[in-house]
Every structure is written in C-alpha cells, then in structure tokens.
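First comes the structure, then the notes that go with it.
Right, dumping it as structure tokens:
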C-alpha cells in the first residue's frame, strides 16, 4: 500500500502541468455549506480545477470544493473531506488511477474492474441472502454470480431495494439481491433502470418495442394520467405507458407522439373539432371562426345533412345566404324561399332545380339536349372554360362550330372537345395549335412542309395557285406549298427594269425611246418589249392583250388577276373598263408609270401608290408573263 502512495504522489505532481496554479493573495474560507477558495480574479473565488499547495481540488460553480465522488467530463473522481483529490487507491470498491480518474475495464492487482469501474468477484462462497453478512465479509464490492450481479455494502451485506453507489441509484431484488433493470414495479409505482448498467434513469424513455414512459425527475417514478411536459399534455395509463393514437376518456385524442390534440382532427374520414384550449371533443351546434357547424354526440361533424332546420354542407359549414336545392336559407340558416323545378334567376345569377327538387351543383347537366355546368354554389357558369370545354354567354357548351374567345378562334368538335393539329371540318382542312387549340392562319411550317391557311377563315389552300406577298405559290392536294420561281423571277425583272427610267420625261404619244419622253402606254409597251413580250400600243388595247384588234398583232397572251394575286410586273389599268391609264406594279403597294407632262417629280416617269390615291381607280390587272 505504501508503494501505491509513492506512485500516486509522483503522478499527482505530473498532473499539475495541466491544472491552473494558485493566485497570489488567495485564501481558504468556509461556511455552513463547505470550503471555498477566494482570489482576486473574477468572480472572486475559484471555479473548476485548481492546485493549491501540493493538492488538487475541484470547485463547483457555486464556489464550494467538491467532496466525495464527483463526475467531471464523463470521468469519476473522489475528493476527501477537505476537498483533496485522491489517486492510486481503492475507494468504495473502485480504483482511482494516478490521474485521479476511476479506472474501468482493467485488472488491478489481480482484481477485475468492469466497464462501470466496479470491482467484480466471480462465484464467491459468501452469503447469498439479501441483507445477511458475507462469510468472508466482502465489503463495497460487486459480485457476478450465474450471470446475475449483486452488491455487498460497507457492512458486507447484500444490497436490497433502492441502493446508491457513487451518486448512482440501483434497485436490487429485496429477496434475492439480484440487480434489476428495465421497467421495475416497486409497490404501486414503476421505475426505470438502464438495461446495461442498472443505473436508475429519468425523463422520456422508449423501449425497443416502441413503448414510451416518462419518469419524473423528482420522484423517479413513471408518470400516470395527464401530465404537462414542455408545452404539451400527454396521457400515461395505470402502468405508466404513454398512450398514442387513441381517444382518452372519450373526450380527448392523443396523436402518434402522444400529444393531446386541439382544433380540427380527421380520423377514418370523419372530422372532429377539439376545444383549442382544453382539447375536449366538441358536441352540438358550434361557432368556429365565422362559420357554424354541428357535431353529433360522438363528436363527428355533420355533413350534407339537415339538422334543426338548418343545412350543413359537404365541408360541414352551415349554409347561409344560398340555395340548398330548391330552398333558400338566410343569414341564420333558416329557409325563406322555395322554388319549383327548372331554371330560375336570382340577383342576375342562374340556377337549375331538377325534377326531384335537388339543385344542380358542381356538375355538368344535360337539359333539352344542351350541356350546362353549374358551380359548387349552384350558379350557372357562363363565358368560361371548364374541363377543356367552353360554355358561351348562355351557359351552353359550345359544340360543332368555330368560336372566338378573346380574339382567338377555336374549332369545337361535335362532342365539345377542342380540335388540335390538322382537322377536317365541313369539306375544308384547318390547322389548330397542338397544345392550345388556337386556329392558325397564314403560312405555317409543319413537319418540314409549308402550308397556307386563309387569314380570313383559316381554310387550308389545296389544289390551287395563289399570289401571296408578291410571290406565286402552288399548293398540291395535301396543301404543301411550292414557290413558282420562274414566273416570279420574270415579273420581278420587269419591275426592276421599269424603275431604271424614273425621272425621265413624259411625252404624249411618245412610244419609241424611254429616255426621251413617253406616255403611259408607250412606257409599258417599251418596258415589256425589252423582255420580248409584245403588247398593243394603247392602254385600252393593252387591257385586251391578245384579244386586241389593234394593228401589229398578234400580241402576248394576257391573264387577268385580282388585287389579292397582284405581283411585281403586273400591269394595272385605271378609271374605266377600257383603261385610260396604265402602270407597272413593282411591289410593296407601289407602281411606276409615265404620269403627266409636268417636270419630275410632279410628272414624268415616277413611283406612286398602286391605286393612285383611290382603290376605285383600279379597273383591271393584267399579267403578260
């Protein structure tokens, strides 16, 4: 034992390098609560570890030196009556190492020490009756026998009942002395002891099977009945088990965590309301917020039923200021009006009562071969989309026709659904946006091919030739467009050539030299002559072309086209069926012509609007190329 003391003093000296030294001017003092050590540094007394002289002390936050067993950062130390830390010796059947810490899981002088720092004696021959003295008088020691743990106290007697060792409480069977663990019933109360160490635990405990308990930090016993933990109430049965997901006393409900519920609650498709303060289940006619509800005697909310001459809707709210089938209820939920079957209008809103006197609500209704939709409050829907259908100003579903909504045109099929993509309707083909169903017009590139849809009605161009934006296109039987490049190029060339003479003079009767003066028909004749196209001399004859009887024929074949088909290179005749003035169309709504004898730009060869200021001026359009 002397050898241990020498080692302890040597190692204790080494420990001083990691512990704070003593302040100058410090002094020991004591009162009824114990000893403490004053110092100049804040807070005026020692706190935590401190070496004073050759001994180590530990001061609690209340300034007093620790005495007896003390758990510091997960390690046990022992301080004597003067507060001095001990080391290198056995205390209460535990061994303190050189650094003062209680050792665990080791062997000292042939004696085994377990994971809790307790000395273990295997299969001794001492007394095995709780409360009796051991024949070898083992004291303050743990004994492991046949898989069970026992403890002999300072008198050498087996511990029984509640027993405290190093500030930890254990429970030993009063008859056998065997250490107990888990949930243990003592008298009419339940306590909990760690399954591995046997140390008593408090607070919330959940067993491996999910069973929950709460052991009081004050009494250590399991809670029973209602208890407030934190800000919530929980209920524990007579055995201390936390109750979950069930009704308690047919008045309260606890959720999956055992918390008392408040407010709205839905269980198995049934709705309840629990008092927001007490959690008690609501019954009868109840005002919640701005609405009134009715709860049956079992707390279930009434839905879609009459009760006490009031109607409670699908959401449980009492109907007010609305129609319930053929009856109108006022602000108090009382019936004030009754309607017969059929349509009726109330405050500019339309409703429908069926033959069985139920009101159409939140549904499509077929009435006289027309479909209508009534909203959840029974009001007829108008001018709106519903379920990919559209109802018009009369509330009738739009069927089998084109219909324009917010300046967008749609095609509704006979069943009321929207046509999308290509659609054949009444001998014509159309193209509707694949997503929105909006009608497409003009040129559309679809799957790599160009198609053209009339801007006025959306009809696809098929088996025809059209002039569009000064270009000629051919459309096959499927509507695929092809640009007529040859004709287009000729007309464009004629228009470009004619513009080379802008600014040259006008000369009545001139028809030989474009630079020395020409009249309107002479200008047209000479321009076309440049391209090998022979035209008559006068404007009236040019309107007839190959049909003209003017000397010098035969003349080029003429084709009459509409303004819609107008292309660069076409000749426009003005004022009369037998035109008295002609010009060459150059595109973009303009013509070039020999206008009059005034100097350019008022006269001469110049550019003007294609209708010369009035659409009625145009009488014929001729194409010679």
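Residue numbers (the working numbering): 128 to 752.
Every residue gets a Cβ at the ideal spot worked out from N, C-alpha and C, and that includes glycine.
What you are looking at is a predicted structure, and each value in this text was computed from that prediction instead of being measured.
Check your understanding: Just checking my contact of residue 683 with residue 751 at CB under 8 Å: how many whole Å lie between their CB atoms?
Key -> 5 Å
**Study point:** From 666, 449, 486, residue whose alpha carbon lies closest to that of residue 710
**Key:** 666
Exercise for review: Have a look at residue 509 and residue 411 and give me their C-alpha separation to the nearest angstrom.
Suggested key: 39 Å
Check your understanding: What residue range is occupied by the uninterrupted alpha helix (DSSP H) comprising residue 411?
Key -> That residue, residue 411, is in no alpha helix (DSSP H); its beta strand (DSSP E) goes 411 to 415.
Exercise for review: Give a single yes or no on whether residue 206 has its beta carbon closer than 6 Å to a heavy atom of the ligand MN.
Suggested key: Although the ligand MN was asked about, the structure shown includes no ligands whatsoever.
**Study point:** Neighbourhood of residue 517 by C-beta distance below 6 Å, restricted to the same chain and skipping five residues each side
**Key:** 525
Point to revise | Cβ-based burial, residue 214 [other Cβ within 10 Å; buried from 16] | key: buried
Point to revise | Neighbour-count burial assignment, residue 333, 16 or more Cβ in a 10 Å radius | key: exposed
Review point. Helix, strand or coil: which one does DSSP assign to residue 281?
Key: coil
Check your understanding: Once you ignore the five residues that flank residue 350 on each side, which residues in its own chain have a CB closer than 7 Å to its CB?
Key -> 341, 343, 363, 367
Review point. Contact check, residue 444 vs residue 454 under 8 Å by CB: the rounded distance?
Key: With a Cβ gap of about 17 Å, residue 444 and residue 454 do not count as contacting.
Review point. From this set, 380, 347, 345, which residue's C-alpha is nearest residue 361's C-alpha?
Key: 380
Point to revise | Selection from 477, 713, 430, 708 that minimises the alpha carbon distance to residue 722 | key: 708
Review point. Where residue 756 and residue 618 are concerned, what is the direct C-alpha to C-alpha distance, given to the nearest angstrom?
Key: The requested residue 756 is not part of the displayed model; the chain covers only 128 to 752.
Review point. At what residues does the beta strand (DSSP E) containing residue 649 begin and finish?
Key: Premise fails: residue 649 lies in the alpha helix (DSSP H), 647 to 656, not in any beta strand (DSSP E).
Practice item. Tell me whether residue 534 sits in a helix, a strand or coil according to DSSP, three-state version. Key: coil
Review point. Do we get a CB-CB distance below 7 Å when we pair residue 442 with the residues of chain D?
Key: Absent here is chain D; the protein component of the structure consists of one chain.
Point to revise | Through-space distance from residue 183 to residue 212, alpha-carbon basis | key: 5 Å
Review point. Which of the three DSSP states, helix, strand or coil, is assigned to residue 615?
Key: helix
Practice item. Just mark residue 647 as buried or exposed, buried being the case when its beta carbon has 16 or more other beta carbons within 10 Å. Key: buried
Check your understanding: Hey, residue 306 and residue 279 are a contact pair by Cβ (cut 8 Å); roughly how many whole angstroms apart?
Key -> Actually they are not in contact, since the Cβ atoms of residue 306 and residue 279 sit about 12 Å apart, beyond 8 Å.
**Study point:** Where the alpha helix (DSSP H) containing residue 667 begins and where it ends
**Key:** 666 to 669
Exercise for review: Closer than 7 Å by C-beta to residue 535: which residues in its own chain qualify, once you throw out the five before and the five after it? Chain order, please.
Suggested key: 565
Review point. Span of the beta strand (DSSP E) holding residue 241?
Key: Residue 241 -> no beta strand (DSSP E), and no H or E assigned at all.
Review point. Smallest Cα separation from residue 190: which of 163, 178, 169?
Key: 163
Point to revise | Bridge partner(s) assigned by DSSP for residue 555 | key: 552
Review point. Per DSSP, residue 183 is paired with what?
Key: 178
Exercise for review: Kindly indicate which residue of 345, 487, 327, 321 has the alpha-carbon position closest to the one of residue 335.
Suggested key: 321
Check your understanding: Span of the beta strand (DSSP E) holding residue 572?
Key -> 569 to 573
Check your understanding: Going straight from the alpha carbon of residue 643 to that of residue 627, what length do you get?
Key -> 14 Å
Practice item. Given a cut-off of 7 Å, decide if residue 235 and residue 241 are closer than it, judged by their beta-carbon atoms. Key: no
**Study point:** Inside the stretch 663 to 749 only - beta strand (DSSP E) runs reaching at least 3 residues
**Key:** 698 to 701, 708 to 714, 717 to 721, 732 to 736
Review point. Between residue 261 and residue 283, what straight-line distance do the alpha-carbon atoms span, to the nearest angstrom?
Key: Because residue 261 sits at a pLDDT of 48, beneath the cut-off of 50, its placement in the model cannot be relied upon, and the point is left open.
Review point. Are residue 802 and residue 393 closer than 7 Å when you measure CB to CB?
Key: The chain is shown only over 128 to 752; residue 802 falls outside these bounds and no answer can be derived.
Exercise for review: Could you have a look at residue 430 and say whether DSSP puts it in helix, strand or coil?
Suggested key: coil
**Study point:** Supposed contact pair residue 433 and residue 486 - C-beta distance, whole angstroms, cut 8 Å
**Key:** No, residue 486 and residue 433 are not in contact; Cβ-Cβ is about 14 Å, not under 8 Å.
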